[in-house]
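A.B. asks: Taking full-length UniProt numbering, the leading residue of the sequence shown gets 1, the next gets one more, and so forth.
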Amino acid sequence: MSSLKTTAPPAAPARGPRPAPRHSPQRGRLLNRLDLRLTPYVFVLPFFVLFAIFGVYPIIYTFWIAMTDRSPLNATISFVGVDNFVELFTNDPQFWNAVVNTFGMFLMSTIPQLLIALLLANALNRRIRGQMFFRLAIAMPIITSTAVVALIFSMIYAREFGLVNWLLDLVGVGPIDWRANRFASWFAISTMVDWRWVGYNALIYLAAMQSISKDMYEAAALDGASRRRQFWSITIPQLRPTIIFTLIISTIGGLQLFTEPLMFTSGSGALSGGSEGQFQTITMYLLDVMNQRFRWGYAGAVALVLFVLIASVSLLNYLLARRISSDK
């Protein structure tokens with residue numbers, strides 16, 4: 001009987017000490033936390049750098065120049081404090097005339113513009129024939145040059161051979177001098193603004209309407225709500241942020257109105273806005289003070305007042321829109 005020989009398994013090779021990790025877990029968590037916190041700021045930093053250069057610095061520089069009597073006609077610059085603002089508010093009827101013209105054309109153009117855009121977007125949101133054609137058609141005025149639009153409308157509203165006066169003559173109304181009359185010129189310029197920007201706002205409203213859930217409309221239809229009721233009870237409340245956005249953008253553009261009234265007349269005195277300044281806006285008056293009178297310090301005061309007006313009216317529109325929407 002042979003004896004069984006058992007052999008022991010080979011011994012495992014001795015292992016040396018385990019190398020220490022390059023980064024400790026605590027340090028890795030710290031780097032990860034810093035990455036999560038700092039990365040968003042790194043991505044948005046270029047915007048704020050550009051905004052500081054082209055936004056904050058011009059405002060600060062305008063504020064400084066408004067406190068001086070700077071002019072290209074004078075080599076020296078004197079500090080005058082708030083004298084430019086005092087003169088602007090107390091002894092400058094032309095500025096207040098420009099303020100009245102600006103707000104008049106702003107109200108006359110912005111309110112119909114947004115209402116028509118809202119109704120147009122609601123119509124294009126339904127299933128109709130040629131839907132894509134109509135959606136592209138309302139975008140055409142956006143890509144049209146503002147100068148071309150102003151020139152065409154100036155011919156449409158011409159006194160002698162204008163299309164509008166020809167149509168008025170067909171119904172027995174005498175010709176209107178659209179450039180000499182204040183309210184007539186406001187109306188003519190407002191139609192230019194509306195024709196150009198109604199389609200832009202309609203596309204914004206249309207995009208917002210398409211994001212509204214269809215289930216809400218189906219539920220309202222089952223409850224017996226008409227399309228008009230659905231529009232006021234579902235569409236308008238859901239569009240509140242979009243309406244506020246378009247209202248603020250229209251306010252900024254309306255109070256900075258420049259090209260349309262400038263191109264509505266012709267000649268060397270275009271910045272005067274008519275023979276009596278009947279359609280001169282604040283921006284036109286600003287350029288007139290800067291380039292015709294060469295009072296750069298005074299123009300800086302006008303620019304700051306315009307900035308405050310735009311900010312105030314935009315804030316007021318925002319608060320009113322929120323209040324009306326919350327009441328509904």
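Don't be surprised by glycine CBs; every beta carbon is placed ideally from N, CA and C.
Please report the distance separating the alpha-carbon of residue 122 from that of residue 191.
C.D. replies: Those two C-alpha atoms are separated by around 21 Å.
A.B. asks: If we count the other Cβ atoms within 10 Å of its Cβ and call it buried at 16 or more, is residue 59 buried or exposed?
C.D. replies: So residue 59 counts as exposed.
A.B. asks: Decide if residue 260 is buried, meaning its Cβ has at least 16 other Cβ atoms within 10 Å, or exposed.
C.D. replies: Buried.
A.B. asks: Using the beta-carbon count (16 or more within 10 Å), is residue 285 buried or exposed?
C.D. replies: Per the 10 Å Cβ criterion, buried.
A.B. asks: The alpha helix (DSSP H) spanning residue 229 covers which residue range?
C.D. replies: Element bounds for residue 229: 227 to 230.
A.B. asks: Within the same chain, show all residues whose beta-carbon is closer than 7 Å to that of residue 289, passing over the 5 residues directly before and after it, in chain order.
C.D. replies: Only 295, 298, 299, 302 meet the Cβ criterion.
A.B. asks: Just how far apart, CA to CA, sit residue 223 and residue 232?
C.D. replies: The alpha-carbon atoms of residue 223 and residue 232 are separated by roughly 15 Å.
A.B. asks: Could one say the Cβ of residue 305 lies closer than 8 Å to chain D's Cβ atoms, at least one of them?
C.D. replies: Here there is only one protein chain, and chain D is not present.
A.B. asks: Out of curiosity, what's the CA-to-CA distance linking residue 62 and residue 105?
C.D. replies: When rounded, the distance between both Cα atoms is 26 Å.
A.B. asks: Below 8 Å CB to CB, which residues in the same chain sit around residue 252 once its five sequence neighbours on both sides are set aside?
C.D. replies: Within the same chain, residue 252 has close Cβ partners 310, 314.
A.B. asks: Just to confirm before moving on: does the CB-CB distance between residue 358 and residue 133 stay below 8 Å?
C.D. replies: Since the displayed the chain opens at 1 and closes at 328, residue 358 lies outside it and no answer follows.
A.B. asks: To which residues of the same chain is residue 116 closer than 6 Å at the C-beta, ignoring the five residues directly before and after it?
C.D. replies: Closer than 6 Å at the Cβ level, and outside the excluded window around residue 116, lie 198.
A.B. asks: Buried or exposed: which applies to residue 38, given that a residue is buried once 16 or more other Cβ atoms fall within 10 Å of its Cβ?
C.D. replies: Looking at its Cβ environment, which holds fewer than 16 other Cβ atoms inside 10 Å, residue 38 is exposed.
A.B. asks: Rounded C-beta distance between residue 247 and residue 180? I'm assuming under 8 Å.
C.D. replies: Between residue 180 and residue 247 the Cβ distance is about 32 Å, and since that is not below 8 Å, they are no contact.
A.B. asks: I need the boundaries of the alpha helix (DSSP H) containing residue 113, first residue and last residue.
C.D. replies: Note, residue 113: alpha helix (DSSP H), 93 to 124.
A.B. asks: Please report the distance separating the alpha-carbon of residue 85 from that of residue 204.
C.D. replies: Their Cα atoms are separated by approximately 39 Å.
A.B. asks: Using the rule of at least 16 other Cβ atoms within 10 Å of the residue's Cβ for burial, across every protein chain shown, is residue 282 buried or exposed?
C.D. replies: Counting Cβ neighbours within 10 Å, residue 282 comes out buried, since at least 16 surround it.
A.B. asks: Going by DSSP, what residue range makes up the alpha helix (DSSP H) through residue 241?
C.D. replies: Per DSSP, residue 241 belongs to the alpha helix (DSSP H) from 240 to 255.
A.B. asks: So the alpha helix (DSSP H) residue 131 belongs to, where does it begin and stop?
C.D. replies: Looking at the DSSP string, the run of the alpha helix (DSSP H) that includes residue 131 is 131 to 137.
A.B. asks: Less than 8 Å between the beta carbons of residue 210 and residue 220, yes or no?
C.D. replies: Cβ distance not < 8 Å, so residue 210 and residue 220 don't count as in contact.
A.B. asks: Give the DSSP-derived three-state secondary structure of residue 294 in the structure shown.
C.D. replies: Of the three classes helix, strand and coil, the one that applies to residue 294 here is coil, per DSSP.
A.B. asks: What whole-angstrom Cβ distance do residue 149 and residue 196 have, given they're in contact under 8 Å?
C.D. replies: Going by Cβ atoms, the distance from residue 149 to residue 196 rounds to 6 Å, so yes, they are a contact pair.
A.B. asks: Do residue 154 and residue 263 have their beta-carbon atoms positioned less than 8 Å apart in this structure?
C.D. replies: Contact flag set, yes.
A.B. asks: Between residue 139 and residue 200, what straight-line distance do the alpha-carbon atoms span, to the nearest angstrom?
C.D. replies: So the two alpha carbons sit approximately 6 Å from each other.
A.B. asks: Taking its Cβ as the centre, do 16 or more other Cβ atoms sit within 10 Å of residue 91, making it buried, or is it exposed?
C.D. replies: Result: exposed.
A.B. asks: Using the beta-carbon count (16 or more within 10 Å), is residue 177 buried or exposed?
C.D. replies: Its Cβ having fewer than 16 others within 10 Å, residue 177 is exposed.
A.B. asks: Might you give, ordered along the chain, the residues of its own chain that have their beta carbon closer than 8 Å to the beta carbon of residue 235, omitting 5 neighbours on each side?
C.D. replies: Only 122, 209, 212 meet the Cβ criterion.
A.B. asks: Note down the Cα distance separating residue 244 from residue 99, rounded to an integer number of angstroms.
C.D. replies: Approximately 24 Å between the Cα atoms of the pair.
A.B. asks: Given a threshold of 16 other Cβ atoms within 10 Å of its Cβ, counted over all protein chains shown, does residue 82 qualify as buried or as exposed?
C.D. replies: When all chains shown are included, residue 82 counts as exposed.
A.B. asks: Should residue 102 and residue 304 be called a contact, given that it needs their Cβ atoms to be closer than 8 Å?
C.D. replies: Contact flag unset, no.
A.B. asks: Looking at residue 120 and residue 202, is the spacing between their C-beta atoms short of 8 Å?
C.D. replies: Contact flag set, yes.
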